[in-house]
Structures are given as C-alpha cells and as structure tokens.
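Just so you know, the sequences run in chain order A and B.
Here the first sequence is numbered in our numbering, starting from 1 and rising by one per residue.
Here the second sequence is numbered in our numbering, starting from 1 and rising by one per residue.
A virtual CB, placed ideally from N, CA and C, is assigned to each residue, including glycine.
Values in this document were obtained by computation on a predicted structure and should not be read as measured data.
Here the structure is laid out as structure tokens; the discussion comes afterwards.
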Amino acid sequence: MTTAQTAGVPAGAHEPGPGEEVISFRNAGKIFPDGTEAVFDVSFSLRRGEFLSVVGPSGCGKSTLLRMASGLGPHTSGDVERRVENIGYVFQDATLLPWRSVRKNVELLAELEGASKADRSRLAADAVRLVGLQGFENHYPKALSGGMRMRTSVARALTMKPPLFLLDEPFGALDEITRGTLNEELMRLFVSERFAAIFITHSISEAVYLSSRVLVMSPRPGRILAEVEIPFAYPRSPELRFDPEFARLSGEVSHALRRGYE
Amino acid sequence: MSEVGGAPSAPQLEAIARGGKISSLTVRRRGQSLLGGVGPPLGAFVIFVGIAYFFSYVLLTPSRRFLMPPPHEIVKHGFFNHQHLHEQLSALWDTAQVSISGFLIALGIGLTLAIVMSQAKWIERSLYPYAVILQVTPILAIVPLIAIWFGYDFSARVVVCVLISIFPIITNSLHGLVTVDSNLHDLFTLHRASRVERLLKLQLPHAVPDIFVGLRVSAGLSVIGAIVGEFFFRQGTPGLGRLLDLYRAYLQTDLLMSALVFCCGLGIVSFWVIGFVGHQLTKNWHEE
C-alpha cells in the first residue's frame, strides 16, 4: 500500500491557482495482480488551465491511466503526485442514480462531502444552469436522452468546482451531433472555469479540437509515443476544424498513433 | 441551449417522468390490457366450472356426488350459510395473522442477513451455505425440533412461515445489494463515502426492485407456511389448515372447496399487495 500513499494529497495543501501544477506522472507504471502490464513508464505534468487529451487504441491502458491519476487504481512503479483532492470524475456512462431526480443526482457529491442543505441546492442550481438543464431538475434519468444524462453527469462533477477534471471517454457512446454539441459545452466550461483536464478519447479530431496538448499512447502496455502541442487560442470555434493547421496537427497525431503498430 | 438528436419534448418528458406513456396511447393500452388481462382467465374459469358440472351430474351417480359437489352447492354451503361462512372467515383471519407475522419476521431477518453478507465477501461465503441448507431441508424434518422449542400453537406456526419464506428474501436482496455498477462505487470512494452512506444512498435503493421480487415470492410462501404449519401444530385458535383437515375428516367436500378458495384468495391478495407496493415505490425510475 506504500504506492497508494504517494498518490495521496499532502495535508494542508492549498488549491493550485491558474498555471500551477495540478498533477504529475514520473515514470509511472501499472502492473495488475494477474501480471498484465497496462501502463509503462509514463511521464507528464499538467497545470491548471491546460486541457490534456490522451488518445490511443482500445485496451491501451488509457482508463487505467485515469484511475492512476485519481488514486482509484494506484500505480505500481514510479511516482504519481497529485496536488488536489477535489477531482471531478466523468465516466464513459452517465452513471447516475436512477432513483434520484436530476436535481438530487447533481446534489449527490455535495451531500457526500457533508455540505448543508442550502449549500447543496445552491451548488446544484449553479451546475444545472452551467450545463443548460434548467426545467429538467425534477426529471428522472429514465426520462432523459443519452445527451441529457451525460449533461447531468457533467453537472454533478461541476458542483464541487474541482480544479482537476478526469474525463473517461465521456461522449463515446453518444451520436455524432450530440457529441459535437457537448464538445462545445465542455469547451465553454473549460474557458469559464479554467480547470485542468485529462480527457480520454478515441477521436483524433475531438482531441485536437479540445486540447492544449495531446498525448498519443501505444498499444498495451501503454507508453507515450508522442506529445503534440495544440497552440490554438481558446475559446475555439467549430470552424477551426476546417483550418489547414488543424488538419496538419491531426495528421501528426494520426501518424504517431500508426507508429505504435509498427 | 437546445437538445439535439431527437430528444422528446418537455411535456412528453413530463408524462414519461410521471410513469405514464403519451396520454392518448395510455388510455387505449389500459383498456386493452384490462380486457386482455381478465378475458382469457375468465374464459378458462367458465370451462373449469363446466367440467365440474360434467363430473357431478354426468359421471357421478347421486350417491357418489359428494366426491365432486356441483359448484352452486359449494357456493351455497360455503359462502351463503352464515355459520359456515363465519367459521371460515375467522379461520382466514387466524391464518392471515400467522402468515403476516411470519412474513414480517422473515423480511426483518432476511434483509438483515443480506445486508450483513453484502458487507464483505468472506461473510457471504461463511453464511450463504447455511441459507442454502435451510432452504433444502424438508420442513417436516424440523417439525419435532420446532415443537420442542416453540410448542404447538401460534408461535410454532409462525416459525414454519419464517423458515419457508425467508430464502427468496435473502437471495434477491443480496443480489440487489451487490450488483451496483462499479463506477458508482468508485464515485462514492472518490468522495470518501462511509460504509453506512454507501449502504443507505447506493446499495439499498439499488436493491429495492430486487427486494420486492423476493418479497412477492415470500408472501405467497408464507401463506403456504401458515396453512402447512397447522397440520403439525394444532393448538390455539383454528386457522384454515385445521378447518381443511376437519372438513376432510367429515367428508364435507363442498366446504373443503370453499375453504380452498379462501386459501387461494389469501395467497393472491398477499402477492398482489406486495407487487403493488413495490410498483408504487419504483415506478418513477425502474426500467422493468
């Protein structure tokens, strides 16, 4: 369990401001108890205000990387230093509590953190407004579309105003149009809240569009093949996708991905 | 901001959230299902009654007609004779008390055991085999022991109910408690939820539909337990089980059958009440 402790947060740490380091991986790796090596020698660091995407083939250990970052699935070698305790984690599925209304779902984290009833409803109302779910507060997840469930999930993660967001292919199961809309939303939230984000995705264009940096991972065991800086200024408009420079950067990521198979 | 991708409109969503379908459809479907639900069994009932009359009047000579009394005789003696009706209703009340007590005790113990087992794999592995053993042991084999421990009256009959009806509560509740999505568990872990919070806010609500599946089966079983128990434990006020035995002894087949109708009625009502409560509790959110 010694490795688990290094992923913890130093007591009394202050919350990192803009531009300050939020998390860093130093030669971190993960071998599961059954001997499977999922992640190998990964190093990177992330500052508040940076949006980092991780692309890679299926099963390359992207989700494992995110679990290492959150402390849910600690690393087995190297070092992961996380300077924040307050993390917004968004899963591939919306993972809502089906017996709770949208409002009650969004309030959940504040409730678990022991916030007062008044604080809870204020935080939830703010988050609901940020993702545009007003009017749906009393609906149950069963009655929502996939896109709205995902919005509820993002709103839930937003309530605690985390300086670090971990997003595990959050829009992977949605149709292309809803996915596009939610990318715009996420971009807008990133610009207004200025958190740090690690975003796992299969989609190169989604990664280039959203990120300030893209990490390309190899097939298992996942290593970092390339780190591509995306220098476009925020906020970005959807038209950016037709920019020649966008195409060049996407090509660079794509080439790096293909190198992993050679 | 508008939702794209063919999402339902707000009024439609509201209708769905209230548990209904879109209104015009609801009315028609409900009408159809009423006819579709009651029609076929009603038809079958008419055929059964016809077969009963065929046996009574065609196959049996008058001297042997007591073997299959004609249905109107059953109704006349069983339900319209004041004295017989009274003794059957009071027996019904006694059996209902036994079965409800047994059911509630089974619910308390069964749910508690399921919660305890859900807390750690080793507890489940330690206790579950004994639940299975309890389930496969014939109740007849435990009767002498129950008699020695609990005597021959009300409490002994309640014990039989508990033993017969507890297993489905344990298994179904346990299933519901341990099949929570692992991502939700992770979310609770990330936000430092205590064991109690995890149980009350995640596992128990998630298990409610499963718990009610178990309760529905158990409600029927506890009625069986109450009647069977009376064949062994015959002290105290008589219930339906003892009445059945009494009518058998005097070859009162018409009353035997009317008492049987009360037994069925008690079972059906128990099953229905539990189903109704379960549906009311989960209809807003549970996808059946």
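| Item | Value |
| --- | --- |
| Check each candidate in B:V58, B:A207, B:H86 and name the one with the smallest Cα separation from F262 (chain B). | B:H86 |
| For A219 (chain B), which option in B:G275, B:L184, B:G176 has the closest C-alpha, if you only look at C-alpha atoms? | B:G275 |
| Provide the residue(s) that pair with L46 (chain A) in DSSP beta bridges, ordered along the chain. | A:I23 |
| Counting C-beta neighbours from all protein chains within 10 Å, is the total for S118 (chain B) 16 or more, i.e. buried, or is it exposed? | buried |
| Under 8 Å, Cβ to Cβ, is there at least one residue of chain A near S23 (chain B)? | Here the model assigns S23 (chain B) a pLDDT of 42, short of 50, so the residue's position is not dependable, and the following value carries that caveat. Closer than 8 Å: no. |
| Can you give me the Cβ contacts of L60 (chain B) inside the same chain, cut-off strictly under 8 Å, excluding the 5 residues immediately before and after it? | L67, M68 |
| From V116 (chain B) to L177 (chain B), what distance separates their C-alpha atoms? | 10 Å |
| Check T76 (chain A) in the structure and name its three-state DSSP category. | coil |
| Use the C-beta contact count for S212 (chain A): other C-beta atoms within 10 angstroms, 16 or more gives buried, fewer gives exposed. | buried |
| Would I230 (chain A) and P162 (chain A) be called neighbours here (beta carbons separated by less than 8 Å)? | no |
| With a threshold of 6 Å on Cβ separation, who are the neighbours of G146 (chain A) within its own chain once the five nearest residues in sequence on each side are excluded? | L174 |
| Determine, using beta carbons only, whether L72 (chain A) comes closer than 8 Å to chain B. | yes |
| Which residues mark the beginning and the end of the alpha helix (DSSP H) in which G108 (chain B) is found? | 82-118 |
| Which residues in the same chain as E37 (chain A) place their Cβ atom closer than 8 Å to its Cβ, once the five residues preceding and following it in sequence are excluded? | G29, K30, I31, R220, P221 |
| Nearest to A131 (chain B) by alpha carbon, out of B:V223, B:V273, B:F167, B:I227? | B:F167 |
| Grouping DSSP H, G and I as helix and E and B as strand, with all else coil, what is S116 (chain A)? | coil |
| Taking the C-alpha atoms as reference points, what is the distance between R342 (chain A) and A94 (chain A)? | The shown model of chain A, from 1 to 262, leaves out residue 342 (chain A), and the question about it has no answer. |
| What does DSSP give as the partner residues of E37 (chain A) in its beta bridges? | A:I31 |
| Hey, how far is the Cα of V27 (chain B) from the Cα of F136 (chain A)? | Note that V27 (chain B) scores a pLDDT of 45, beneath 50, so its modelled location is shaky; the value from the coordinates is reported in the next line. Approximately 26 Å between the Cα atoms of the pair. |
| For V22 (chain A) versus I224 (chain A), is the C-beta distance shorter than 8 Å? | no |
| G108 (chain B) to Y234 (chain A), Cα distance in whole Å? | 59 Å |
| May I ask you to list, following chain order, the residues of the region 159-170 of chain A that have a beta carbon less than 7 Å from some beta carbon of chain B? | none |
| Would you mind stating whether Y140 (chain A) and N284 (chain B) have Cβ atoms separated by less than 8 Å? | yes |
| What residues are listed by DSSP as bridge partners for A197 (chain A)? | A:F51, A:F165 |
| Is A226 (chain A) helix, strand or coil by DSSP? | strand |
| Starting from E197 (chain B), find everything on chain A with Cβ-Cβ shorter than 8 Å and list it in chain order. | L112 |
| Measuring CB to CB, does T159 (chain A) end up less than 8 Å from A127 (chain A)? | yes |
| Does any C-beta atom of chain A lie closer than 8 Å to the C-beta of N284 (chain B)? | yes |
| Short check: CB of T181 (chain A) to CB of V106 (chain A), under 8 Å? | no |
| Classify M187 (chain A) as helix, strand or coil using the three-state DSSP reduction. | helix |
| By DSSP, does P69 (chain B) sit in helix, in strand, or in coil? | coil |
| From M68 (chain A) to V39 (chain A), what distance separates their C-alpha atoms? | 10 Å |
| So, helix, strand or coil for R234 (chain B), using DSSP? | coil |
| Find out if the Cβ-Cβ distance for the pair R83 (chain A), P16 (chain A) is shorter than 8 Å. | yes |
| Run through chain B and tell me which residues come within less than 9 Å of F32 (chain A), C-beta to C-beta. | None at all; the shortest Cβ gap to chain B is about 15 Å. |
| Mind listing which residues of the region 100-124 of chain A have their C-beta closer than 7 Å to chain B's C-betas, in chain order? | L109, L112, E113 |
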